[in-house]
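Structure first, then comments.
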Amino acid sequence: MKRLLSAAAVLATCAVPLSSQAQAQEASPLEQLLDINNLTRAVIDFGVLMLRSQVDVTYEGISVSRAGSEISIVGLKFFPFYEWDPEGFCEIGIARLDLSNSGRPGQSEMHIEAVGTEVASACLPPEPREALSMTGYPGIDVERLYVDLSFDVGSSALDVDGHLALKDAAVIDVAATFDYFWFRDTGYGDPDPAMQLSSAVVSIEDRGLLERIRPIVPPEAFSFDAAPQIVTRGLQEALGEGGFRQLTPAETAFTEQAGAAVGEFLGGAGTLTVTSRPRTPVWLGPDTFRGPGDVITMLEPKIEAGTTAGSASMVPASVLAAALDGGALGDAEAKQAGLALLTGVGAPLAPALGRSLLEPLAGSDPEAALALAGALADDDPVAAYRFALAAAAGGADGGLAALDGIEQDLTADQILSLQTTDRGSFISGVQSVAELRDGALAALMGVSRPRSYEDAYVMASLAAAAGDLSSAALRDRILRRLADHGGDGWEGTFEGLNQEVLGVWTGMLAPRLSGGN
């Protein structure tokens, strides 16, 4: 399986988001050579040839999307050789393998999906193979396996979503959010991970596995009455390090919760879910946990039966019904339903309805504004920019990045028309050049107050008039930034602002600031 994942990694690097134009019916030899499909297939062929030096591999066919961002391989087979399989019976077959890599600049979205994977029992070492045989499974049959990775280069944040469906056995879902994810070079070979975990959910759903293993385990393990005590005592023994340390109240509560949940799961609850949402993100590394008790203290896990990994994000049926019928919803309920409908996670995808629920909240809820900005960025950048202004000014994580990104799709005239100005009261109360300089920077950034290039220009011009060179540079930078966006009428706007600056300076600020900075 390690080699299988290596194969997927090699091929996934070929699925890069490149744009291409429709190929002419009769392309020249040079155009054929540079065609993205041909380039991608050539890289894949080379990767397969390199991979064959590690493991025997064949496939029936490969298709590449027109943009080159998606690759599909059908009839893929691996024939690894293991010392316990001298006859060479080990075979791993994948009916279809899909690889894609997309996302905006600074954001990578990778998807790996395998459908119809069959692993022969001969691929397993003797002991696992014997255990598998006792359950009656001829091999490992994976109906579907996928991994979604979303990585933000700027923050190094990573979202992971995984799904594994074993035929007639179980379904395992995994979701994790890392505020930071990378590796540190130790200088001694393998790098150390540097991961800051903010949440993780693991869920298993029984689809026949428990019934298969029931005959080969002690009867008390499946006893609804005995299983909770067995699990609780086992965990308490592990956490208590064989009786050498006293369990904390949190550890005791977890062991009892785990015992009860496992008992319900074995009794027919269907699913078992372990959730970790620590109050503060946890740095994970080789020395994070000095003992089993640290896992409970730091990760604050919760274990439940009858729930799934995605159930926490599901909108209650009553709230969704009210949203559909136009009923009254509180702000928290409207936000929950709006985000779910906008993204299709927690409720069916209904962007228009989700937008209608979130728009009234956008002025006071930066997270709602950011969600709307992201949803509209591609199709309606003008509307998206309005929401991004609110998200950034409200301090939403990622709000400033969204604002800068959407702004690239607008002309200077559009940008100025969408921004609001509010400099009068601020300037009338200014007592120092430093206040003007800080106000200009805040208006330029758009974080602590809504972005306004007009306000920033006026404040920077006034500070520059008082001799502040950094403000003069900021003033000129605003003009260069707008010039890069093009447009026809914005220069006249700033000629008028120069007259405003002159009037404010001579009539108000010059006497007030003449005493120095």
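Residue numbers (numbering that gives the first Met the number 0): 0 to 516.
Using N, Cα and C, we set each Cβ at its ideal position, and we do this for glycine too.
The structure displayed is predicted, hence computed values, not measured ones.
Query, Result
"Classification of Asn100 by the beta-carbon crowding that lies within 10 angstroms, buried from 16 upward", "buried"
"Per-residue DSSP class, three states only, for Glu82", "coil"
"Cross-strand partners of His520 (DSSP beta bridge)", "Outside the shown range of the chain (0 to 516) lies residue 520, about which nothing can therefore be said."
"C-alpha gap between Leu341 and Val173, whole angstroms", "23 angstroms"
"Cβ neighbours of Ala6 in the same chain (closer than 6 angstroms, five flanking residues each side left out)", "For Ala6, the predicted structure reports a pLDDT of 46, less than 50, and the residue's modelled location is therefore unreliable. A value from the coordinates is still provided. Around Ala6: Leu50."
"Validate contact between the region 393-403 and the region 425-441 using beta carbons, cut 8 angstroms, 3 pairs", "no"
"Beta bridge counterpart(s) of Pro192 as assigned by DSSP", "Phe182"
"C-beta contact flag for Ser460 and Arg448 at 8 angstroms", "no"
"Start and end residues, alpha helix (DSSP H) containing Lys334", "Asp330 to Thr342"
"Stretch pair the region 237-247 + the region 202-222: three plus CB contacts closer than 8 angstroms", "no"
"Neighbourhood of Gly138 by C-beta, 7 angstroms cutoff - its chain only, sequence neighbours within 5 removed", "Glu117, Val118, Ala119 and Ser120"
"As assigned by DSSP and simplified to three states, the class of Asp160", "strand"
"Cα-Cα separation between Arg436 and Ala156, rounded to whole angstroms", "33 angstroms"
"Exposure of Val500, with buried meaning 16 or more beta-carbon neighbours within 10 Å", "buried"
"Simplified DSSP state of Phe288, which is helix, strand or coil", "coil"
"Per DSSP, cross-strand counterpart(s) of Thr270", "Glu204"
"Within 8 angstroms, strictly: CB atoms of Val146 and Ile171", "no"
"Which residues DSSP lists as bridging Thr57, in chain order", "Lys76"
"Close beta carbons around Tyr179, own chain, < 6 angstroms, minus the five adjacent residues each side", "Ser155 and Gln195"
"Limits of the unbroken beta strand (DSSP E) element including Glu300", "Looking at the sequence shown, residue 300 is not Glu but Pro. From DSSP, the beta strand (DSSP E) with Pro300 extends over Pro300 to Ala304."
"Which residues DSSP lists as bridging Ser198, in chain order", "Thr176"
"CA nearest to the CA of Asp364, picked from Leu348, Pro347, Val344 and Leu388", "Leu388"
"Whole-number beta carbon distance between Glu142 and Ala164, since they are thought to touch under 8 angstroms", "4 angstroms"
"Contact test: Arg436 Cβ vs the ligand NAD heavy atom, cutoff 7 angstroms", "You won't find the ligand NAD in this model; it holds no ligand whatsoever."
"Where Val141 sits in the DSSP three-state scheme", "strand"
"Extent of the continuous alpha helix (DSSP H) run through Leu356", "Pro350 to Leu357"
"Meets three-Cβ-pair contact criterion under 8 angstroms: the region 332-341 and the region 351-360", "yes"
"Start-to-end residues for the beta strand (DSSP E) that takes in Leu283", "Val281 to Leu283"
"Validate contact between the region 452-469 and the region 412-426 using beta carbons, cut 8 angstroms, 3 pairs", "yes"
"Val457 beta carbon less than 8 angstroms from that of Arg422", "yes"
"Residue range of the unbroken alpha helix (DSSP H) whose run includes Glu263", "Pro248 to Glu263"
"Secondary structure, alpha helix (DSSP H): runs of 4+ residues fully inside the region 400-464", "411-417, 423-427, 432-444 and 452-464"
"Residues near Leu375 in its chain [Cβ-Cβ closer than 6 angstroms; skip 5 each side]", "Ala382 and Ala383"
"Opening and closing residue of the alpha helix (DSSP H) in which Arg278 lies", "Arg278 -> no alpha helix (DSSP H), and no H or E assigned at all."
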